[in-house]
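Read in order, the letters of the sequence shown correspond to residues 0 to 96 in numbering that gives the first Met the number 0.
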Amino acid sequence: MSIRIDDNLEQAADGSVSCRHCQAAVGVAAEPLRDARVRLSAPRDAGPSVRSNARHFTDREVVLRQSFCPGCLTMLQTEIVPGDEPSHRTRTVAVRA
Ligand SMILES: [Zn+2]
Numbered sequence: 000m001s002i003r004i005d006d007n008l009e010q011a012a013d014g015s016v017s018c019r020h021c022q023a024a025v026g027v028a029a030e031p032l033r034d035a036r037v038r039l040s041a042p043r044d045a046g047p048s049v050r051s052n053a054r055h056f057t058d059r060e061v062v063l064r065q066s067f068c069p070g071c072l073t074m075l076q077t078e079i080v081p082g083d084e085p086s087h088r089t090r091t092v093a094v095r096a
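Have a look at this one:
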């Protein structure tokens, strides 16, 4: 039996995380997107709402980081972050009390 994490991910009883669309392995409970494909590009690639150059606010390189399912390439996560930092976003499975 699997538990739904979000629209794209589910977690099996053994803790493995897979794509809900194609069942490809994507990660484990502690690192749900561990095996996702990752694309890095300029923040402006996110669309017209990203107008400012990050260099005006920080000396660090800022990137658009997009994570995709390795099986069907469904986009799993998008974030604009310092390129040298890991993702700080977390996912948890809702547990009924
Ligand atoms: Zn998939």
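For every residue, glycine included, the Cβ atom is placed at its ideal position computed from N, Cα and C.
Going by C-alpha distance, which of the options is nearest residue i?
| i | options | result |
| --- | --- | --- |
| Pro-69 | Leu-32, Asp-44, Leu-39, Thr-89 | Leu-32 |
| Val-16 | Asp-83, Leu-75, Glu-84, Val-49 | Leu-75 |
| Ala-41 | Gln-65, Gln-10, Thr-73 | Gln-65 |
How big is the Cα-Cα spacing for residue i and residue j?
| i | j | result |
| --- | --- | --- |
| Thr-77 | Phe-67 | 9 Å |
| Arg-59 | Ser-86 | 15 Å |
| Asp-83 | Cys-21 | 31 Å |
| Gln-10 | Ile-79 | 26 Å |
| Ser-51 | Asp-13 | 44 Å |
| Cys-18 | Arg-43 | 28 Å |
| Leu-116 | Thr-57 | Because the chain spans 0 through 96 in this model, residue 116 falls outside it and cannot be assessed. |
| Pro-81 | Val-49 | 15 Å |
| Arg-36 | Ala-23 | 12 Å |
| Val-25 | Asp-34 | 5 Å |
In three-state DSSP terms, what is residue i?
| i | result |
| --- | --- |
| Arg-88 | coil |
| Ala-53 | helix |
| Arg-3 | strand |
| Pro-31 | coil |
| Pro-42 | helix |
| Thr-73 | coil |
| Gly-82 | coil |
Query raised in the report: Using the beta carbon as the reference atom, which residues fall closer than 6 Å to any heavy atom of ligand 1, ordered along the chain?
Result: Chain-ordered list of matching residues: Cys-18, His-20, Cys-21, Ala-23, Cys-68, Gly-70, Cys-71, Thr-73.
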